[in-house]
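Numbering (my numbering), first residue to last: 280 to 910. Working notes for the structure below.
Following this line, the structure appears as structure tokens:
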């Protein structure tokens, strides 16, 4: 068996030869003539002159290779109490007819389609139907508010929107259609039509001439054939929080995405074709794109689509029931989900009720995995627990434990080592390399490997400015950390103001923009304070305009509602504190990092440029009233 070190060195010796070799595991209409294409300014593309199709690689090729009766998707919904199993044969038919319905209404190669759906198989079918005909999908998380959806409609200008009537939470129905209608009203761009899946749990009103029923739309349509696209053609756009508050449309190129994701399934997640792989995430996030939809299906695995929560649907044993019932071999979720289970079932009593002998490992990503959570899971599951680190931008693991290649010793607090393709460096502010054990900015030497973002949607200059300018010749990750003597990477902190709430990256800048829009608010700041369950919880500080004498509680409640309405419940924004003033430098910069340290009861050095140190005591007093800054 090849070791990690041998594989990494083979990639380092000749990166292009290495990735050309990996590309042979994918089925190409026309194989690429070479791997890497350079465009100057730090811009690179992979497999640009190959012709390929994402849906063919995820579905049709398995049917053609005699595996059509294998399960492709298991939909397990403890909220509805239903389980549905879909074979590759069935998936091919469903996808081809939906793609045919899109084609019949003028959606074709290069058109964009927004998908706004909950955790149901039809969300995966919609993604694959777009890929089948060369349309570019942009999945928007079903919990996002109308205003956020409208911004994405105007940025990617979809020809069509595919949505469901509702999403289901443990105790409520989230109606999607009013949010969709509101977003289309707000947006400057109008889609030609919307395809709506009416769920049994809630039927929505349809707008005549614009809205089509999912099944009616397919009636009388021919199944779509495969439309090959160039290797550098966008497979999808996925919006991620930008520090300015304006979302960034991360582009995923088709060829590299297929090659890289296929590579990860065996080498990192240690599963063979035919086995069941489960990522407990949502299709609206990058984990859902890479590891609920594409990677398992490209590799010929069975993927689990889970509509539920780690606790309360019905209890803290739901993860373990699914692993036993469906014989899951590798399980991937966010640390926050395991924290929720641990909080509900600290002794692991539910784990003992299920046979988890088939499970090989638990994989954690989406935020830093704290040592307590890893140690609890290791102890209670009796399985390896692997933290790994990656980003929406990269689409898959930057640093991890390549368990299928060689399971390396786990060092708690480290996501282990860089994967082939990623030349990771720790740099100081001037761009000089740091010694082992020294903290600095984490940067990746260009070119980034296949499957990572080649640019941002219609914003190449913003891509260059956001990622490639701070350290010329490197991709700036926006994270800070260090590498130890053994080459293990440690992620210590974000270097910008994007916070991590239950595995979801959210911009505090975007939240501040919403709070600042309140008529009584003069200025504000949002920080991410440490939260045992969610990783970070946003706290808003608002200073009122002169002359406002309404009750502070009333204004705080309105601020919370504004965030919920304009960003959505996903922000988990529950606390707004009215304060007299914010701590600032003499130049007027708000000291957010210091406020976070106060909230988390961490030691901090009084900033030399602070205008009035007394303000910090006022902030501390306000935080203590809500249970923070306790020490």
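Yeah, the Cβ is synthetic: ideal placement off N, Cα and C, and Gly gets one too. Bear in mind the structure is a predicted one, so any value in this text is a computation, not a measurement.
Backbone secondary structure at residue i - three-state DSSP
i	result
residue 866	Residue placement at residue 866 is flagged as unreliable, the pLDDT there being 49, under the threshold of 50; the coordinate-derived value follows with that caveat. Residue 866 falls in the coil class under three-state DSSP.
residue 704	strand
residue 562	coil
residue 932	As shown, the chain starts at 280 and ends at 910. That puts residue 932 outside it, with no answer to give.
residue 553	coil
residue 609	strand
residue 500	coil
residue 986	In the structure as shown, the chain starts at 280 and stops at 910, and residue 986 therefore has no counterpart that could be examined.
residue 594	coil
residue 910	coil
residue 804	strand
residue 575	helix
residue 451	strand
residue 689	coil
residue 635	coil
residue 491	strand
residue 889	strand
residue 446	strand
residue 281	coil
residue 403	helix
residue 877	helix
residue 288	helix
Beta-bridge pairing of residue i - partner residues as DSSP gives them
i	result
residue 518	528
residue 393	417, 440
residue 253	Because residue 253 is not part of the residues shown, which for the chain are 280 to 910, the question remains open.
residue 679	696
residue 478	481
residue 472	439
residue 398	For residue 398, which the question treats as bridged, DSSP gives no partner whatsoever.
residue 331	508
residue 513	532
residue 589	DSSP lists no partner for residue 589.
residue 911	Here the chain covers residues 280 to 910 and nothing more, so residue 911 does not appear.
The beta strand (DSSP E) enclosing residue i, as first and last residue numbers
i	result
residue 571	From DSSP, residue 571 is part of no beta strand (DSSP E); its letter is neither H nor E.
residue 640	640 to 643
residue 893	It is not in any beta strand (DSSP E) - residue 893 instead sits in the alpha helix (DSSP H) that spans 893 to 903.
residue 666	664 to 666
Span of the alpha helix (DSSP H) around residue i
i	result
residue 461	456 to 465
residue 435	425 to 435
residue 617	614 to 623
residue 672	That residue, residue 672, is in no alpha helix (DSSP H); it is neither H nor E in DSSP.
residue 654	650 to 660
Minimum Cβ-Cβ distance from residue i to chain D less than 8 Å
i	result
residue 878	Considering every chain present, this structure includes no chain D. It has just one protein chain.
Distance cut-off 7 Å: residue i Cβ against heavy atoms of the ligand GDP
i	result
residue 751	This structure lacks the ligand GDP, and indeed carries no ligand of any kind.
### Message
I'd like the ranges of any alpha helix (DSSP H) spanning at least 4 consecutive residues and lying wholly in the segment 290 to 326.
### Response
294 to 302
### Secondary structure, beta strand (DSSP E): runs of 3+ residues fully inside the segment 807 to 873
814 to 823, 854 to 857
#### Entry: Those runs of the beta strand (DSSP E) which lie wholly inside the segment 335 to 385 and span at least 3 residues
350 to 356, 361 to 366
### Message
At 3 residues or longer, what runs of the beta strand (DSSP E) sit wholly inside the segment 717 to 800?
### Response
719 to 724, 753 to 762, 768 to 773, 777 to 780, 783 to 786
### Task
Decide yes or no for the touch test of the segment 788 to 806 against the segment 637 to 647: beta carbon pairs closer than 8 Å, at least 3 of them.
no
### Query
Per the contact definition of three or more C-beta pairs closer than 8 Å, is the segment 606 to 625 in contact with the segment 807 to 825?
yes
### Task
Count the C-beta pairs between the segment 345 to 363 and the segment 372 to 391 that are closer than 8 Å, then say yes if the count reaches three, no if not.
no
#### Entry: Segment contact flag, the segment 828 to 845 with the segment 867 to 876, C-beta cutoff 8 Å, min 3 pairs
no
### Message
With a threshold of 8 Å, are at least 3 pairs of Cβ atoms found where one atom belongs to the segment 824 to 838 and the other to the segment 405 to 412?
### Response
no
### Query
Can you find at least 3 beta carbon pairs, one from the segment 697 to 706 and one from the segment 733 to 743, that sit closer than 8 Å?
no
### Query
Between the segment 595 to 610 and the segment 538 to 556, are three or more C-beta pairs nearer than 8 Å?
yes
### Query
Counting Cβ pairs, one atom from each stretch, are 3 or more of them under 8 Å apart for the segment 309 to 326 and the segment 336 to 346?
no
### Query
Is there contact between the segment 467 to 484 and the segment 430 to 437, where contact requires at least three CB pairs shorter than 8 Å?
yes
### Query
Counting Cβ pairs, one atom from each stretch, are 3 or more of them under 8 Å apart for the segment 413 to 431 and the segment 472 to 483?
no
### Query
Just checking, does the segment 779 to 791 make contact with the segment 741 to 756 on the three C-beta pairs under 8 Å criterion?
no
### Query
Looking at C-beta atoms only, is the number of pairs between the segment 501 to 508 and the segment 377 to 389 that lie closer than 8 Å three or more?
yes
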